[in-house]
Amino acid sequence: MYILEIGFTKKEISFAVSIFTISSLIGQNLIGFIADRYKCSKRILVISICIGVSAAVSMALSKQILFINSMIAIWGFFLFGTVPLSDAWFIEVLKKHNRENDYGKIRGLGSIGYALSGVLIGYLLQTLGWGIYFFYIIISTCFLLLSILILTFDKKSNPIRAEADINDTIAQISIKEGLSQILAIKPLRSMILILFSYYFVVKGIYSYLGVLLSDLGGGPLSLGIAYFLEAAPEIISFFLAARLLTRFKSQGLIFISFIIQIIRLTLILIFSNTLVIMLLGMLSGLAYGMQSAAYKTYIYKLAPEKYKISCLSISESIISLSGVISAPIFGAVIIKYGAYSAIAMGLAIDIIVAIIVALNLLRNK
85 MYILEIGFTK KEISFAVSIF TISSLIGQNL IGFIADRYKC SKRILVISIC IGVSAAVSMA
145 LSKQILFINS MIAIWGFFLF GTVPLSDAWF IEVLKKHNRE NDYGKIRGLG SIGYALSGVL
205 IGYLLQTLGW GIYFFYIIIS TCFLLLSILI LTFDKKSNPI RAEADINDTI AQISIKEGLS
265 QILAIKPLRS MILILFSYYF VVKGIYSYLG VLLSDLGGGP LSLGIAYFLE AAPEIISFFL
325 AARLLTRFKS QGLIFISFII QIIRLTLILI FSNTLVIMLL GMLSGLAYGM QSAAYKTYIY
385 KLAPEKYKIS CLSISESIIS LSGVISAPIF GAVIIKYGAY SAIAMGLAID IIVAIIVALN
445 LLRNK
């Protein structure tokens, strides 16, 4: 919504979204490989976050398209490139206590901050203007860095640091070998393809949520409330997923997520207004919490021991490719046919993949 505010056209927004997604994808792979290779997670997190946020704040310095897109690329690479590293850390800590399925509870706590920040920044933008946006980023980043810096990372307690000699580990880590091992695991390949389809639709619509709300008369506060309503149910669904994973397979929760998204998109097409879109974000949040907790723990369990972080990073990156592909496709459909045509396309894709997932579940029953 910020780049829409400073004069970007829908076509330029589509291009910017694609740049952000591609840079995030590259960052996830490279940062994940560096973390596996050099075992210095704390330093990687701090440096990457500082660079990424500096780029985000620098967008206030110019409204030139080339400059903004360059900062977006750096922001995506360094800030969002650390996400798989954080996930791997959480899961590894839980694994040491045989509580991998509790990942959803940990991740659910993060949704509280996301939900509250959406409403807060939306209100601040509505009342104080876009000038407050970059101060908000700086302040929230300081809290993030403080939380990372106070954590203890040593050989005994650091879940990312291997106890073997680091130089030996560096010699053993290979991107080519890691990728070949990951792609050789058939259940992992199947899960990635399913999730690729899921996120193709979710990211395609989510990337243009601000544009969709603006077309219907909504502003920054509407977008902030939409983010809050989408994030709030994640708190419940992440905790719920932690319980359900002790009784049901990960694929079952993925199927439920597809059904929830199908219901959401159908209702948006039937009741097309700003309020409905904001309220139905709750369904998307509910689906996200369940499938995210399910697939990340599932992928981590299947990954070779030596390539835990790289495997999660590569898997995340392949899934993120859906955003790279869907951003220009959904953008083109929105420009030519309108937002609701894009939603109808997403609904059709979800229905087809949900049927495939259901058939696989029945076959493996």
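Numbers given in my numbering equal positions in the sequence shown, counted from 1, plus 84. Beta carbons: idealized from backbone N, C-alpha and C, even for Gly.
Taking its Cβ as the centre, do 16 or more other Cβ atoms sit within 10 Å of residue i, making it buried, or is it exposed?
| i | result |
| --- | --- |
| F219 | exposed |
| S306 | buried |
| D238 | Residue placement at D238 cannot be trusted, given a pLDDT of 42 that sits under 50; the coordinates are not used to answer. |
| Y217 | buried |
| R348 | buried |
| Y456 | The shown model of the chain, from 85 to 449, leaves out residue 456, and the question about it has no answer. |
| E400 | buried |
| I290 | As written in the sequence, residue 290 is Tyr, which differs from the Ile given in the question. That one is buried. |
| C226 | exposed |
| A140 | buried |
| I118 | buried |
| I278 | buried |
| P197 | It is worth fixing the name first, because residue 197 is Gly in this sequence and not Pro. Burial call: exposed. |
| A268 | exposed |
| L200 | exposed |
| I175 | buried |
Look at residue i and residue j and say whether their C-beta atoms are less than 9 angstroms apart.
| i | j | result |
| --- | --- | --- |
| I133 | T166 | yes |
| V295 | L431 | no |
| K126 | I232 | yes |
| F42 | I402 | Past the boundaries of the shown model lies residue 42; the chain is included only from 85 to 449, so the question cannot be answered. |
| S368 | I344 | yes |
| A325 | A411 | no |
| F104 | W173 | no |
| F312 | G206 | yes |
| I383 | M275 | yes |
| I149 | M143 | no |
| F355 | A442 | no |
| L386 | L272 | yes |
| A157 | I106 | yes |
| Y421 | W214 | no |
Throw me the rounded Cβ distance for the residue i and residue j pair, which I believe falls under 8 angstroms.
| i | j | result |
| --- | --- | --- |
| V417 | S102 | Their Cβ separation, rounded to whole angstroms, is 14 angstroms, which puts V417 and S102 out of contact at 8 angstroms. |
| L109 | L405 | 6 angstroms |
| G136 | L163 | 3 angstroms |
| L458 | I352 | This structure cannot speak to residue 458, because the chain is shown only from 85 to 449. |
| L228 | Q335 | About 33 angstroms separates the two Cβ atoms, so there is no contact after all. |
| T358 | L300 | 5 angstroms |
| V437 | F342 | 6 angstroms |
| G91 | Q210 | With a Cβ gap of about 19 angstroms, G91 and Q210 do not count as contacting. |
| K95 | I435 | Wrong, their Cβ atoms sit about 29 angstroms apart, outside the cutoff. |
Quick check: what's the CA-CA separation for residue i versus residue j?
| i | j | result |
| --- | --- | --- |
| M362 | I309 | 7 angstroms |
| T350 | R121 | 46 angstroms |
| I398 | G116 | 8 angstroms |
| M429 | I413 | 10 angstroms |
| L297 | S425 | 15 angstroms |
| Q112 | D171 | 12 angstroms |
| H50 | C395 | Limits of the chain in this structure are 85 at one end and 449 at the other, which puts residue 50 out of reach. |
| A246 | E389 | Reliability fails at A246, whose pLDDT of 42 lies under 50, so the model's placement of it is uncertain and no value is given. |
| L212 | I221 | 15 angstroms |
| I234 | S138 | 21 angstroms |
| S264 | L114 | 16 angstroms |
| K147 | L230 | 31 angstroms |
| L329 | G415 | 36 angstroms |
| G288 | K333 | 27 angstroms |
| F161 | I131 | 12 angstroms |
| I439 | I223 | 45 angstroms |
| L208 | L178 | 37 angstroms |
| R65 | F322 | An answer regarding residue 65 cannot be provided, because it is not within the stretch 85 to 449 covered by the chain. |
| I427 | N448 | 32 angstroms |
| C124 | M155 | 26 angstroms |
| N242 | I433 | In this prediction, N242 has a pLDDT of 47, which is less than 50 and means its spatial position is unreliable; nothing more can be read from the coordinates. |
| M366 | V286 | 13 angstroms |
| R331 | V360 | 34 angstroms |
| K270 | R327 | 26 angstroms |
| A423 | G194 | 30 angstroms |
Would you say the stretch 306–324 touches the stretch 371–389, given that touching needs at least three Cβ pairs under 8 angstroms?
-> yes
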